[in-house]
Ligand SMILES: Cc1ncc(COP(=O)(O)O)c(C=O)c1O
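Residue numbers (our numbering): 344 to 747.
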């Protein structure tokens, strides 16, 4: 944990764990039970035409309208996520990737330009390269460690969006969000940020971000069984823009999935606290291993980005990277991954179980960032015992060494 405590100044000064426990629970539909029920539905019935007309005029409010406007189950989750991120309103969408693409579509139009970090989530890059290009929207990828002064030079007269993701996917560069956001504001551009790694440990709206993106699929859901995304904002104007775009695109999330995400949110604080500690312990141990050239975990002193992380974050999640020494071949790293018994081989993260994913050769970079030399592996630390995880990695490293 960082020395700082999680921000505590919203909602009557109640602590973060209290808010996770109580957020989104009030409402007339609860009928005495602790939890909001699952409301499934497409058609809404009205008592009169006047009632229906009034409902359609309130489509930005959390009121029954039609299924795509959400139900009490969706709104409860929206309210919890808005509290987690310190925003005022939140839109739930079908996946984390939809939470990336909907705001990009909300704020960009033909002829405009977006600045994307070289370390952005791969499918976000693919969306820019393969979809936004077809709409006449161009993208420049920038080194995520860029300074405010240097990003200013990359703005074009038609740049309307600065996109951030901090730390970056796979290479975990921490961005100077306040400095970059200040430049974007000065140029009249919107700041969109994928804040999935930071979750409650990074308060986007206090650092100049306009729109915060979360893959709720990760720690909020927490059990590797649901895909969901959220888009959180802090002004009425941004809310109307995001909400209208989401509705136009037909975005919707299953209320059953929202209910599971709500359940996950209640225990996220304690899960993450344990996972953070375990991940730092595993990362620190890996940093002492002779096979490891570098550990990419911003919460570990001496690693790249640590000072910025200490300044801006209150803690860390349990996803980090390992760079192996230059003489270790990809086949040896794959042999290690195959030998691991507790770390599953697979994508995604934030669940209760540990994962290991060799990423050599699969990470695209075009702005020259994230070049560390050796083969890489991304590790997600779950809720298992740290000693068992270390023992598993140790026997995996023995296999790696036998294949060198
Ligand atoms: C940083 C980041 N953003 C967004 C996403 C997309 O989330 P989802 O898998 O729910 O589409 C992911 C998924 O791995 C991610 O790592």
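Backbone N, C-alpha and C define an ideal beta-carbon position, used for all residues, glycine too.
Please read these numbers as outputs of a predicted model, since none were measured by experiment.
9 Å Cβ cutoff met for residue i and residue j
i: residue 697; j: residue 744; result: no
i: residue 736; j: residue 686; result: yes
i: residue 503; j: residue 448; result: no
i: residue 550; j: residue 520; result: yes
i: residue 486; j: residue 510; result: no
i: residue 598; j: residue 365; result: no
i: residue 292; j: residue 700; result: The structure shown has nothing for residue 292, since the chain only spans 344 to 747.
i: residue 523; j: residue 505; result: yes
i: residue 555; j: residue 436; result: no
i: residue 718; j: residue 682; result: no
i: residue 427; j: residue 368; result: no
i: residue 594; j: residue 405; result: no
i: residue 606; j: residue 636; result: no
i: residue 546; j: residue 442; result: no
i: residue 659; j: residue 641; result: yes
i: residue 729; j: residue 621; result: yes
i: residue 482; j: residue 458; result: yes
i: residue 716; j: residue 570; result: no
i: residue 530; j: residue 581; result: no
i: residue 615; j: residue 679; result: no
Ligand 1 heavy atom lying under 8 Å from the CB of residue i
i: residue 575; result: no
i: residue 466; result: yes
i: residue 659; result: no
i: residue 438; result: yes
i: residue 691; result: yes
i: residue 503; result: no
i: residue 607; result: no
i: residue 514; result: no
i: residue 537; result: yes
i: residue 561; result: yes
i: residue 447; result: no
i: residue 508; result: yes
i: residue 582; result: no
i: residue 592; result: no
i: residue 443; result: yes
i: residue 523; result: no
i: residue 540; result: yes
i: residue 570; result: yes
i: residue 330; result: Absent from the model: residue 330. The displayed extent of the chain is 344 to 747, so no value can be given.
i: residue 558; result: yes
Residue range of the alpha helix (DSSP H) that includes residue i
i: residue 395; result: 392 to 400
i: residue 595; result: No alpha helix (DSSP H) contains residue 595, which DSSP labels as neither H nor E.
i: residue 524; result: 520 to 529
i: residue 568; result: Where residue 568 is concerned, there is no enclosing alpha helix (DSSP H), given that its DSSP letter is neither H nor E.
i: residue 742; result: 729 to 745
i: residue 497; result: Neither: residue 497 is in no alpha helix (DSSP H) and is coded neither H nor E.
i: residue 651; result: 649 to 655
i: residue 363; result: 359 to 365
Range covered by the beta strand (DSSP E) that runs through residue i
i: residue 556; result: 554 to 558
i: residue 662; result: 662 to 667
i: residue 672; result: Taken as a continuous stretch (DSSP letters only), residue 672 belongs to no beta strand (DSSP E), as it is neither H nor E.
i: residue 504; result: 502 to 508
i: residue 533; result: 533 to 537
i: residue 483; result: 481 to 485
i: residue 316; result: Not covered by the structure: residue 316. The range shown for the chain is 344 to 747.
i: residue 710; result: Looking at the DSSP string, residue 710 is not in any beta strand (DSSP E), and its letter there is neither H nor E.
i: residue 547; result: First-last for residue 547: undefined, no H or E at that position.
i: residue 699; result: 698 to 701
Nearest-angstrom Cβ-Cβ length linking residue i and residue j, presumed shorter than 8 Å
i: residue 661; j: residue 724; result: 4 Å
i: residue 585; j: residue 466; result: The pair is not a contact, with the Cβ atoms about 19 Å apart (cut-off 8 Å).
i: residue 508; j: residue 537; result: 4 Å
i: residue 468; j: residue 707; result: 6 Å
i: residue 638; j: residue 629; result: 5 Å
i: residue 470; j: residue 490; result: In fact, because the Cβ distance is near 27 Å, the residues do not count as touching under 8 Å.
i: residue 415; j: residue 382; result: 5 Å
i: residue 656; j: residue 541; result: 6 Å
i: residue 456; j: residue 501; result: 5 Å
i: residue 603; j: residue 564; result: 6 Å
i: residue 746; j: residue 576; result: Residue 746 to residue 576, Cβ: 50 Å. No contact.
i: residue 726; j: residue 617; result: 6 Å
i: residue 560; j: residue 693; result: 7 Å
**Message:** Quick check on the DSSP output: what are the complete alpha helix (DSSP H) runs of length 4 or more inside the region 385 to 467, in order along the chain?
**Reply:** For the region 385 to 467, the continuous alpha helix (DSSP H) assignments of 4+ residues that do not extend past its boundaries occur at 392 to 400, 415 to 428 and 439 to 450, in sequence order.
**Item:** Length at least 3, wholly inside the region 592 to 646: the beta strand (DSSP E) runs in chain order
**Value:** Entirely contained in the region 592 to 646, the beta strand (DSSP E) runs reaching 3 residues are, in chain order, 635 to 639.
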